[in-house]
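Participant: Mind having a look at this structure? Questions to follow.
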Amino acid sequence: MNMCKNLGANANSKNNILGSPFCKRGTGGDLFPFMAKVPTFNPPYNTVEISRHSGMDRRNPDCRDANNLCHPWSLGSGDPCRNDGVILNSTAFNPQRTPFAKGGKHSRKFSRLKFLGYLLAISLTCTPLAWAFNGIATDGSMGPAQVLSAPGVSTSVNIPQSLGTTVGNNLFHSFSTFNIETGQTVTFQENITNSLSNVISRVTGGSVSNLDGMLRSTPNGKADFYFINPAGVVFGANAQLDVAGAVHFSTADQLNFQDGSHYSAANPNASSLSSTAPSSFGFLGTSTSNNGLIDFNGTQLATKDGQTLDIVAGQIKIENSANLTIQQGEIRMVAMQGQGQVDLQPTLYAICRCQTYRC
9 MNMCKNLGAN
19 ANSKNNILGS
29 PFCKRGTGGD
39 LFPFMAKVPT
49 FNPPYNTVEI
59 SRHSGMDRRN
69 PDCRDANNLC
79 HPWSLGSGDP
89 CRNDGVILNS
99 TAFNPQRTPF
109 AKGGKHSRKF
119 SRLKFLGYLL
129 AISLTCTPLA
139 WAFNGIATDG
149 SMGPAQVLSA
159 PGVSTSVNIP
169 QSLGTTVGNN
179 LFHSFSTFNI
189 ETGQTVTFQE
199 NITNSLSNVI
209 SRVTGGSVSN
219 LDGMLRSTPN
229 GKADFYFINP
239 AGVVFGANAQ
249 LDVAGAVHFS
259 TADQLNFQDG
269 SHYSAANPNA
279 SSLSSTAPSS
289 FGFLGTSTSN
299 NGLIDFNGTQ
309 LATKDGQTLD
319 IVAGQIKIEN
329 SANLTIQQGE
339 IRMVAMQGQG
349 QVDLQPTLYA
359 ICRCQTYRC
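The sequence shown runs 9 to 367 under my numbering.
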């Protein structure tokens with residue numbers, strides 16, 4: 009593996025070259041300063057483009073694919089070049105079907121990114137959201153129905169393992185509403201440290217989850233965290249994560265498992281619980297909001313070193329100077345339109361970052 013010099017703050021330097029075949033000049037004449045590991049593959053899946061241009065519009069060739077279509081940071085429907093306020097490291101997508109995202113009429117893949125201490129920084133000019141926090145309440149399907157947090161009341165909320173259902177090393181929670189207010193800390197607990205492999209939550213009530221505080225899962229544990237809400241998820245400027253394992257957020261209708269079981273937020277009564285590992289996010293293609301939105305609105309979000317942040321939705325927005333950071337780990341984003349599934353297994357396809365250069 010070859011690596012270019014001066015990652016991070018010096019990533020735009022024209023002297024960052026180590027002789028790597030992937031340290032190339034982009035369309036704007038800039039060197040490609042980031043590490044890239046691109047295995048041999050055919051056809052060329054997972055095209056990713058990161059541009060340093062001051063805006064993404066129809067005049068920007070780096071904002072287009074082979075079909076002359078623009079790719080905004082908002083990956084869903086609408087005016088494809090409406091986000092003209094991108095000022096640093098905006099990312100454009102070449103929509104292709106991949107082994108990673110199966111089905112979906114317009115499925116799009118954000119290559120699996122391995123960030124080595126540097127920052128994916130996006131700044132868009134957008135109208136601030138009006139936040140609505142409706143507290144946290146379980147729906148009674150996996151454990152006792154209980155209001156855990158009323159709006160504006162609790163600053164610390166603990167969600168014990170007893171409020172969910174444990175099958176093998178998987179813990180299943182189900183909520184009618186789930187929101188974390190500004191300054192609030194919500195902790196998913198386990199009875200015995202390191203006894204759980206996966207903490208899996210769904211929201212069934214049909215309302216968006218607004219997260220603007222600390223989400224903590226199995227302190228001192230090892231479990232991966234899964235959260236699905238078909239209605240959408242919005243991360244605010246104060247959102248934080250304290251999760252030992254990988255973190256997966258999705259607007260999928262259901263989470264599928266290796267034994268063929270699925271845990272559904274769209275049709276809870278049709279769920280079948282499993283002790284096997286999650287295998288994919290499933291989209292049924294019946295959502296009126298076209299598979300939902302995950303929005304990072306001014307968020308400064310980081311995960312544990314060496315872990316994975318996984319975002320799978322119908323639309324993904326990163327706006328108002330939101331930053332997502334990870335050390336020695338992976339950030340994956342997949343926008344899925346229509347019916348299909350997005351696998352959770354690692355892929356050996358392209359891993360690359362670049363500036364004004366089509367990888």
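Note that the Cβ used here is the ideal one computed from N, Cα and C, for glycine as well.
In terms of alpha-carbon separation, which member of Asn177, Ser184, Val165, Leu179 lies closest to alanine 153?
Facilitator: The candidate whose alpha carbon is nearest that of alanine 153 is Ser184.
Participant: Would you mind reading off the limits of the beta strand (DSSP E) that contains proline 286?
Facilitator: 286–291
Participant: Hey, quick one: how far does the beta strand (DSSP E) through leucine 309 stretch, first residue to last?
Facilitator: 308–310 is the extent of the beta strand (DSSP E) around leucine 309.
Participant: When we look at the beta-carbon of proline 159 and count the other beta-carbons within 10 Å, is it buried (16 or more) or exposed?
Facilitator: exposed
Participant: Please report how far the alpha carbon of glutamine 349 lies from the alpha carbon of serine 288, in whole angstroms.
Facilitator: 6 angstroms
Participant: Just the C-alpha distance for glutamine 353 and methionine 150, rounded to the nearest angstrom, thanks.
Facilitator: 27 angstroms
Participant: Between which two residues does the beta strand (DSSP E) holding aspartate 232 run?
Facilitator: For aspartate 232, the enclosing beta strand (DSSP E) has its first and last residue at 232–236.
Participant: By Cβ distance, which residues of its chain are closer than 7 angstroms to leucine 171, with the 5 residues on each side in sequence left out?
Facilitator: Thr146, Gly151, Pro152, Gln154, His181
Participant: Is the stretch 333–342 touching the stretch 273–282 in the sense that three or more CB pairs, one from each, lie closer than 8 angstroms?
Facilitator: Contact between the stretch 273–282 and the stretch 333–342 is absent, because fewer than three Cβ pairs lie under 8 angstroms.
Participant: Decide if proline 227 is buried, meaning its Cβ has at least 16 other Cβ atoms within 10 Å, or exposed.
Facilitator: That one is exposed.
Participant: Under the three-state reduction of DSSP, which class applies to asparagine 305: helix, strand or coil?
Facilitator: strand
Participant: Mapping DSSP to helix, strand and coil, what is leucine 204?
Facilitator: coil
Participant: Quick one, are the C-beta atoms of alanine 252 and serine 217 less than 9 angstroms apart?
Facilitator: no
Participant: Looking only at its own chain, which residues have a Cβ that is under 6 angstroms from the Cβ of phenylalanine 243, when we skip the five neighbours before and after it?
Facilitator: Leu219, Phe304, Thr307
Participant: With distances taken between CB atoms, is the gap from glutamine 262 to methionine 222 smaller than 9 angstroms?
Facilitator: no
Participant: Can you tell me whether valine 165 is buried or exposed, with buried defined as 16 or more other CB within 10 angstroms of its CB?
Facilitator: buried
Participant: Please report the straight-line C-alpha distance between lysine 230 and serine 205, rounded to a whole angstrom.
Facilitator: Looking at the backbone, the Cα of lysine 230 and that of serine 205 are separated by about 7 angstroms.
Participant: Determine the closest residue to threonine 173 out of Arg224, Gln345, Phe235, Ser283, with distance taken between C-alpha atoms.
Facilitator: Residue Ser283 holds the alpha-carbon nearest to the alpha-carbon of threonine 173 among Arg224, Gln345, Phe235, Ser283.
Participant: Glycine 191 CB to nearest chain C CB: under 9 angstroms?
Facilitator: The structure shown has no chain C; it contains just one protein chain.
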